[in-house]
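Student: Would you mind keeping the following structure in view while I ask a few things?
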Amino acid sequence: MSILLAFVSFTGGASEAYLFPKIITSTMIILSSLSLLFYFFEKNQKIAKIDMIKLSVYLTLIILFILFGEILGFYFSATLIFLTVCYYYSENKATKVIIYNLLVTVFFMLFIYFLFSVLLKVQVPRFF
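As structure tokens, this is what we get:
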């Protein structure tokens, strides 16, 4: 998939419009290649079982994000999902960890806001 995205972004017309996709797809190709190399060189690891109950919580949150994203707004919905995922998948649910997750979420969402809305001037998703 990253190769297909790289092909589309590198063969696009306006080079300035495709700068960010070029950076992202190049990074995806490099990380995918490294992951593939690590997989083949470390074959002695066992394949972990997938806990479908834990994944169903994440899938439910994604569906709620799509359904209520337009009502709540992109940034608020993404913040709620990020906090919920951090809390649910955290093994230690102490108050200190919750505050740490809250701070990381707020700073991450501020970074995303400034990156896309201020610097790149990209409109956030309007959903369906």
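First residue of the sequence shown? That's 18 in the numbering used here, and the numbers climb one at a time after it.
Ideal Cβ positions, reconstructed from N, Cα and C, are used throughout, including at glycine.
(1) What's the call for S94, buried or exposed, on a 16-neighbour Cβ count within 10 Å?
(2) Quick one: what's got a C-beta closer than 6 Å to C103's C-beta in the same chain, skipping five residues either side?
(3) Would G90 be called buried (16 or more neighbouring beta carbons within 10 Å of its own) or exposed?
(4) Okay, do the segment 108–116 and the segment 76–91 touch, 3+ Cβ pairs below 8 Å being the bar?
(5) Where do the ends of the alpha helix (DSSP H) carrying V123 lie?
(6) May I have the straight-line CA-CA distance separating L72 from A65, to the nearest angstrom?
(7) For L81, report the span of its alpha helix (DSSP H) as first-last.
Tutor: The structure says:
(1) The C-beta of S94 has 16 or more other C-beta atoms within 10 Å across all chains shown, which makes the residue buried.
(2) Closer than 6 Å at Cβ, skipping near neighbours: N118.
(3) It counts as exposed.
(4) A contact is defined here as three or more CB-CB pairs under 8 Å, and the segment 108–116 fails this definition with respect to the segment 76–91.
(5) Where V123 is concerned, the enclosing alpha helix (DSSP H) stretches over 112–130.
(6) Near 14 Å, if we compare the C-alpha coordinates of A65 and L72.
(7) Element bounds for L81: 69–89.
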